[in-house]
Amino acid sequence: MSDMKIRTRVVASDGETREGGADLLQEWQPHQGGQLWLDIEGEISAAMHEQLLRLGCHEVAITDISRVRQPPKVHAFEGNTFILFRGIIQLDEDLVLQPQQIGFFVGEHYLVTIHRGESLSINRVWSESAGQEAQFPPGRLALQVMDYASNRYLDQILEFEGHLGEIEDTLLSKPSDRIMAELVSYRSELRKLRRIFNYHNR
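This is how it looks when you write it as structure tokens:
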């Protein structure tokens, strides 16, 4: 993981919205009402680890986020739901995936998102929800992030479908070992994507 970057958005009970870093997190108190979105990019520091525990994030779930090859999962804890989602950094035209793991802690009044590098999905939802916080409770924010990431998967696969049809036509008209090898490679990448989908579908 890279060095930790923190951004915090707090919506007070009267609707006032403030954005900042770790200092703003220190000020937020759940009993005062309102809503918190804490977004963490990079390696979780010891101090932030303690803050997450105080917020109600489970120790095991925090550890799961730090593991590189942890399968997607959903677990309901007392006070929040933990979602480990396999997002996407890049899915190129050959369906080679660079995945990005995103951890969500979804509470009644807060959302915590944790990821190793920059997340286009989180950046987009952060931007789109600004100024409309009343319409974006924590659960909806999390769903919006996952929906945007899933659509990126889908768009690339649909675009690839046309290319696959061209390869199949070429194989029928001019069969070659090169074309067969290309198809085998695509089959391997599609299996990887299917495995990720199956994890999320459980």
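My numbering puts the first residue of the sequence shown at 3, with every later residue one more than the last.
Even glycine gets a Cβ: it sits at the ideal position worked out from N, Cα and C.
Quantities reported herein were computed from a predicted structural model and do not represent experimental measurements.
C-beta atoms of residue i and residue j nearer than 8 Å
i      : j      : result
Leu57  : Lys75  : no
Ile116 : Gly105 : yes
Glu21  : Arg9   : yes
Ile46  : Ser68  : yes
Gly109 : Pro140 : yes
Gln53  : Leu27  : yes
Leu40  : Val114 : yes
Ile181 : Ile169 : yes
Glu135 : Gln72  : no
Option nearest residue i by Cα separation, candidates the options
i      : options                       : result
Gln34  : Phe107, Glu80, Tyr112         : Tyr112
Val147 : Gln103, Arg189, Ala136        : Gln103
Glu130 : Gly119, Arg142, Glu120        : Arg142
Thr83  : Ile169, Leu145, Asp171        : Leu145
Asp5   : Ile64, Gln137, Met50, Tyr150  : Met50
Gln31  : Ala136, Gly89, Ala48, Val13   : Val13
Phe107 : Asp66, Asp149, Lys7, Arg193   : Asp66
Pro7   : Gly119, Glu29, Pro177         : For the record, residue 7 in the displayed sequence is Lys; it is not Pro. With distances taken between Cα atoms, Lys7 lies closest to Gly119.
Tyr155 : Gly167, Thr172, Gly89, Asn125 : Gly89
Ile124 : Pro101, Ala151, Gln137        : Ala151
Glu191 : Ser178, Lys176, Phe162        : Phe162
Where residue i sits in the DSSP three-state scheme
i      : result
Ile46  : coil
Val108 : strand
His60  : coil
Val114 : strand
Val70  : coil
Phe162 : helix
Gln146 : helix
Gly81  : coil
Gln28  : helix
Pro139 : coil
Gly89  : strand
Gln102 : strand
Arg189 : helix
Ile8   : strand
Gln53  : helix
Ser131 : helix
Gly167 : helix
Glu184 : helix
Cross-strand partners of residue i (DSSP beta bridge)
i     : result
Val13 : Thr19, Gln37
Val76 : Ile85
Cutoff 8 Å: residue i Cβ touching any chain C Cβ
i     : result
Ile46 : Absence of chain C from the displayed structure is noted, only one protein chain being present.
Rounded distance between the beta-carbons of residue j and residue i, thought under 8 Å
i      : j      : result
Leu174 : Tyr188 : Actually they are not in contact, since the Cβ atoms of Leu174 and Tyr188 sit about 16 Å apart, beyond 8 Å.
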